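Okay, structure first, notes after.
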Amino acid sequence: NRQRLEYLGSDRWRAFLQTQKDKGEGDWADYWSGAAGYRGGSFDVIAGDFQLRSGLGLAFGGSSPRIVFPGSFPKPAVRTGASIHTSSNERSALRGAAASGRMGKLEAVAAVSSRLVDGRTDSSGSLVRIYDDGYHRTEAELARKNNTGERLGVLSLGWEPFDRCWVGALGYAGGHNPGFAESLAVSSGASLSGGMSGGPGYLSFELTATGRGQGAFSALAGARISGTETALLVYAYRPDYRAPRFNGYERYGGRDEQGAAVFQKSALPARTWLSTAFHWYRPWSAVSTVDKGHGGYLLDLKADNGIIKDLDLACRWRYRETERACPSGLDAVLARERSYLAKAMLDWRAGGGFLLSADYAASRHHPAEGGGPGKGEMLSAGAGWQGGGACLVRIQSSFFNTESYYSAVYQPEPELRNTGSFHPLFGSGRRDALLVRYTYAKRLSAE
């Protein structure tokens, strides 16, 4: 369960507070976060829990190319900035203060953070892993809860030499207590990013390097012409590159990887939109040194159709093929792992503020080790009501039956704000979700 309270004092002031409890946790408010922010004419200040954004997300925040979805385009590189943390992802926030200022074509951002995270140490007392799932259910999970200190300082400078053209440089330094084992330590780094736009197109990039001499690169180009939007993303992570633990999502991006993703969305006759996403990825180094997927591709298609006014139908089909290392005697051989997903979604704005929805999904997973495919199915129904803009109520029930975690179906929940609201449904059972949100005088919001 989650509870959120937000206050908008004016166009300049904002405050936010949230608590959260995951299934199986004993503490009603196992996780909490809060912050207050002020936006001035030439400066912004945040105190509390915040998130940094910079470039294409290689150093701080931002989505990873491993999260590919048709119809959802990667965002162009952004100038470094801070925002109040409102996500349900428990380890994606920094805790401290951030300030930014602007003067003509120059801008600067400074931030400091000191927080506690969940860590595991080896026999020598060195930190070997940080857990960012936020779960505190078992004795082992409770033992490592908030047992590691993390500190960070960030400074960023930006310059806009021409209209719609900018460049930025960022540096950060930090550490943990207890410290990381030497082979895992990443405590400092730098990033160079930039972007430009004109007419229907845009181009942006980011190049980052860590204190261990490893780096990563990403570039994005896109355009929208005559009802068709297209984007190309290319990226490369050098071997042993580790995204900083600060506000990043290494587990999605991976290391020792290079690839490209193409996104397209086109308007068709009969109130129809067709969206396509294709992602290709390969390891940078030799196969023998890679500890994750050894390359593959993903094809994801989605069609949206406005059948009649206020009634929308969407159909999605996804295919992923990945090479995995499977034991064979004294060596490992590569084998192909395949998975499929088909999903249909129906939404109806019934009038009077009422909303109705229904989803059905079927998945198949063929493991690289061989054997029969794992199957999964999900049926979901939802309803909602919004009265006068002040009150919103949404309910959703999802029934699922899957044979393995790898054939799980992901279903977004009504309070969707971020990836933390997507949950893998595996095994057999039902998951219910209820969202109640009330806004008073357009300033105070509780949910």
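Numbering-wise (the working numbering), the sequence shown opens with residue 22 and increments by one. Where is the CB? At the ideal position from N, CA and C, for every residue including glycine. For clarity, every value in this text was computed on a predicted model and none was experimentally measured.
(request) Kindly list the residues whose CB is nearer than 6 Å to the CB of ALA281, restricted to its own chain and excluding five residues on each side of it in sequence; keep chain order. (result) If we look at ALA281 and ignore the five residues flanking it on each side, its Cβ neighbours are VAL255, TRP301.
(request) Give me the Cα-Cα distance between LEU459 and ASP321, rounded to the nearest whole angstrom. (result) The sequence shown places Tyr at residue 459, rather than the Leu named in the question. Near 36 Å, if we compare the C-alpha coordinates of ASP321 and TYR459.
(message) Excluding the 5 residues flanking GLU162 on each side, which residues of the same chain have their C-beta closer than 7 Å to its C-beta?
(response) If we look at GLU162 and ignore the five residues flanking it on each side, its Cβ neighbours are TYR156.
(message) Quick check: what's the CA-CA separation for ALA389 versus SER428?
(response) Each residue's Cα considered, the two are about 13 Å apart.
(request) Count the C-beta pairs between the region 115-126 and the region 68-82 that are closer than 8 Å, then say yes if the count reaches three, no if not. (result) At 8 Å Cβ cutoff, the stretches touch.
(message) Using only CA atoms, which one of PRO445, LEU77, PHE183, ARG35 lies nearest to GLY61?
(response) It is ARG35 whose Cα lies nearest to the Cα of GLY61.
(message) Between which two residues does the beta strand (DSSP E) holding LEU254 run?
(response) Counting along the chain, LEU254 sits inside the beta strand (DSSP E) bounded by residues 249-258.
(request) For my contact list, GLY196 and GLY189 are in at a C-beta cut-off of 8 Å; report their separation, rounded to the angstrom. (result) Contact between GLY196 and GLY189 does not hold, since their C-beta atoms are separated by about 24 Å, which reaches or exceeds 8 Å.
(message) Assuming GLU111 is part of the beta strand (DSSP E), what are its boundary residues?
(response) GLU111 -> no beta strand (DSSP E), and no H or E assigned at all.
(message) Tell me the rounded alpha-carbon separation between ASP331 and TRP49.
(response) ASP331 and TRP49: Cα-Cα distance of roughly 39 Å.
(request) Using the DSSP secondary-structure output, state which residues sit across from PRO445 in a beta bridge. (result) TYR431, per the DSSP bridge assignment.
(request) At 4 residues or longer, and completely inside the region 52-83: list those alpha helix (DSSP H) runs for me, N to C. (result) None, since the region 52-83 contains no complete alpha helix (DSSP H) of that length.
(message) Report the CB separation of LEU79 from THR249 in whole angstroms; it is logged as a contact under 8 Å.
(response) Not a contact, Cβ separation roughly 28 Å.
(message) Can you look up ARG35 in the DSSP assignment and give me helix, strand or coil?
(response) If DSSP states are grouped into helix, strand and coil, ARG35 belongs with the strands.
(message) Our contact map puts PRO199 next to SER147 with C-beta atoms below 8 Å; I'd like the distance itself, whole angstroms only.
(response) That pair is a contact at about 6 Å.
(message) Excluding the 5 residues flanking LEU224 on each side, which residues of the same chain have their C-beta closer than 6 Å to its C-beta?
(response) These residues qualify, in order along the chain: MET217, ALA242.
(message) Let me check understanding here. Comparing Cα to Cα, which of ASN110, LEU319, TRP305, SER449 lies closest to PHE284?
(response) Ranking ASN110, LEU319, TRP305, SER449 by CA distance to the CA of PHE284 puts LEU319 first.
(message) Can you check which of these residues, SER145, PRO182, VAL138, is closest to ARG172 by C-alpha distance?
(response) Nearest of SER145, PRO182, VAL138 to ARG172, Cα basis: VAL138.
(request) Consult DSSP for TYR302 and reduce its assignment to one of helix, strand or coil. (result) When secondary structure is reduced to three states using DSSP, TYR302 falls in the strand class.
(message) For GLU358, list the residues DSSP reports as bridge partners.
(response) Answer is THR343, bridged to GLU358.
(request) Give the straight-line distance between the Cα atoms of ALA371 and VAL414, rounded to the nearest whole angstrom. (result) Going from the Cα of ALA371 to the Cα of VAL414 covers about 15 Å.
(request) Have a look at GLU271 and THR297 and give me their C-alpha separation to the nearest angstrom. (result) Because the pLDDT of GLU271 is 39, which lies under 50, any placement of that residue in the model is unreliable, and the question is left without a value.
(request) Quick one: measure Cβ to Cβ for ARG100 and TRP187, integer angstroms, because I've assumed they're closer than 8 Å. (result) Cβ-Cβ separation between ARG100 and TRP187: approximately 6 Å, consistent with a contact (criterion under 8 Å).
(request) Output yes or no for whether 8 Å exceeds the beta carbon distance between GLY76 and ALA56. (result) For GLY76 and ALA56, no; Cβs fall outside 8 Å.
(message) Let's see if you can read the secondary structure: which residues bound the alpha helix (DSSP H) around GLU162?
(response) Here the alpha helix (DSSP H) through GLU162 covers 160-164.
(request) Less than 8 Å between the CB atoms is what I'm expecting for GLN279 and ALA257, so what's the real figure, rounded? (result) Contact between GLN279 and ALA257 holds, with the beta-carbon distance rounding to 4 Å and staying under 8 Å.
(message) According to DSSP, simplified to helix, strand and coil, what is TYR426?
(response) Three-state result, TYR426: helix.
(request) Could you give the DSSP three-state label for ALA462: helix, strand or coil? (result) Three-state result, ALA462: coil.
(request) Kindly give me the distance between the Cβ atoms of ALA454 and GLU434, rounded to whole angstroms, as I take these residues to be in contact under 8 Å. (result) Going by Cβ atoms, the distance from ALA454 to GLU434 rounds to 4 Å, so yes, they are a contact pair.
(message) If distances are taken between C-alpha atoms only, which option among ARG33, PRO95, ASN110, ALA103 comes closest to GLN41?
(response) Residue ASN110 is the option with its Cα nearest to GLN41.
(message) I need the boundaries of the beta strand (DSSP E) containing ASN198, first residue and last residue.
(response) For ASN198, the enclosing beta strand (DSSP E) has its first and last residue at 186-198.
(message) Is the separation between the beta-carbon of VAL130 and that of SER177 shorter than 8 Å?
(response) Contact: yes.
(request) Put GLU468 into one of helix, strand or coil per three-state DSSP. (result) Reduced to three states, the DSSP call for GLU468 is coil.
(request) Can you have a look at SER247 and say buried or exposed, based on whether 16 or more other CB atoms are within 10 angstroms of its CB? (result) Per the 10 Å Cβ criterion, exposed.
(message) To the nearest angstrom, how far is the alpha carbon of THR169 from that of ASN22?
(response) Each residue's alpha carbon lies about 26 Å from the other.
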